[in-house]
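Residue numbers (our numbering), protein chains in the order written: chain A, 921 to 1051; chain B, 409 to 534. C-beta atoms are modelled at their ideal positions from N, C-alpha and C, and glycine is treated no differently. Values in this document were obtained by computation on a predicted structure and should not be read as measured data. Working notes, beginning with the structure itself.
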Amino acid sequence: MVSQERPLSPHLQVYRWQITMTMSILHRVTGVGLGLGALLMTYWFVAIASGPDDFADAQDLIGSWLGRLVLFGFTISLVFHFCNGIRHLFWDTGRGFDLPTMRASGWTVAVMTVLGSIAIWVAGYALRGGL
Amino acid sequence: MSQRAPLAHARGLGSAKEGAHHWWHQRLSAVALVFLSIWFVVSLISLTGAGYDQVYLWMAHPVVAGLLLLLVVFTFYHLKLGLQVVIEDYIHTEWLKVTSLVVMSGACLVLGLACALSVVSIAFGG
């Protein structure tokens, strides 16, 4: 490879904010974040296989307020990556590329992420019978 | 140092012929995960507050164990494909890029195996 100093394109701050750019980078950020979530999933699976004592430790850790906060973060990441991933799959059919549709689908993902994440936790707490 | 332009170096070598393979597998695993992740999240919600015995019996069920194995395979494959692109985009030093890719792929493999073997050991009455 030829390695030399080349002029850089204008930096990100010169562009006006748009929903599409935020959705794009968040897809990558949440994807990497969910990689850490996969680490937690592995810990939980191994704890189940290790027996009741290790499982109880894992449940205490995940059930602590910090554990729940982290789990809530993973929930938001998963719901976002899920919804925006479907947006990507829709684009793969060659549709939805005009700007009004792209912005509308972007905002739809944002709203669905908030509603979906809250719904999952409300369902969890409701089944458990409160906090 | 060669005076030839980068394009002249690349001409005649042909394409790697595997770019579409990565793209296609990322999509296939994504579609599988659309269904598997819904099932997994619903399962986790239903297991809220469950004790060890209940979680154990859930995981030991053949259908659940099978779906969990699929979830694990597609999750870590999709994760590997995604992180590969992130590494290739941001790391430009060749040796560091290759090292990162190998370590990342290995980590995905080890974690995926740990998950899969946990499920299998429970399913077979571990």
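Could you tell me which of the options sits nearest to residue i, measuring between CA atoms?
i: residue 473/B; options: 983/A, 969/A, 1020/A and 991/A; result: 969/A
i: residue 529/B; options: 469/B, 511/B and 479/B; result: 469/B
i: residue 940/A; options: 1027/A, 1032/A and 1034/A; result: 1027/A
i: residue 1006/A; options: 943/A, 931/A and 934/A; result: 943/A
i: residue 506/B; options: 495/B, 462/B and 515/B; result: 495/B
i: residue 1023/A; options: 1012/A, 1004/A and 1013/A; result: 1004/A
i: residue 435/B; options: 503/B, 412/B and 486/B; result: 486/B
i: residue 521/B; options: 483/B, 503/B and 447/B; result: 483/B
i: residue 451/B; options: 442/B, 463/B, 440/B and 441/B; result: 463/B
i: residue 440/B; options: 971/A, 984/A, 1009/A and 1034/A; result: 1009/A
i: residue 531/B; options: 471/B, 493/B, 425/B and 442/B; result: 471/B
How would you write the range of the alpha helix (DSSP H) that residue i sits in, first residue to last?
i: residue 505/B; result: 502 to 531
i: residue 497/B; result: 470 to 498
i: residue 1033/A; result: 1019 to 1048
i: residue 419/B; result: Taken as a continuous stretch (DSSP letters only), residue 419/B belongs to no alpha helix (DSSP H), as it is neither H nor E.
i: residue 995/A; result: 985 to 1011
i: residue 948/A; result: 939 to 970
i: residue 452/B; result: 427 to 454
Among the residues of its own chain, which have a CB less than 8 angstroms from the CB of residue i, if the five just before and after it don't count?
i: residue 1040/A; result: 995 and 999
i: residue 988/A; result: 982
I'd like the list of long-range same chain contacts for residue i, defined as Cβ closer than 6 angstroms, with 5 residues on each side in sequence excluded.
i: residue 512/B; result: 491
Quick one: what's got a C-beta closer than 7 angstroms to residue i's C-beta in the same chain, skipping five residues either side?
i: residue 536/B; result: No statement about residue 536/B is possible, as the shown extent of chain B runs from 409 to 534 and does not include it.
i: residue 951/A; result: 1001
Going by other Cβ atoms of all chains shown within 10 Å of its Cβ, with 16 needed for buried, is residue i buried or exposed?
i: residue 928/A; result: exposed
i: residue 1017/A; result: exposed
i: residue 964/A; result: buried
i: residue 933/A; result: exposed
i: residue 979/A; result: buried
i: residue 984/A; result: exposed
i: residue 423/B; result: exposed
Round the Cβ separation of residue i and residue j to the nearest angstrom and send it over; I've been treating them as touching at under 8 angstroms.
i: residue 477/B; j: residue 524/B; result: 6 angstroms
i: residue 456/B; j: residue 1044/A; result: 4 angstroms
i: residue 454/B; j: residue 1047/A; result: 7 angstroms
i: residue 519/B; j: residue 967/A; result: About 14 angstroms; that fails the 8 angstroms criterion.
i: residue 953/A; j: residue 997/A; result: 5 angstroms
i: residue 527/B; j: residue 467/B; result: 6 angstroms
i: residue 448/B; j: residue 421/B; result: Contact flag wrong, Cβ pair sits at about 43 angstroms.
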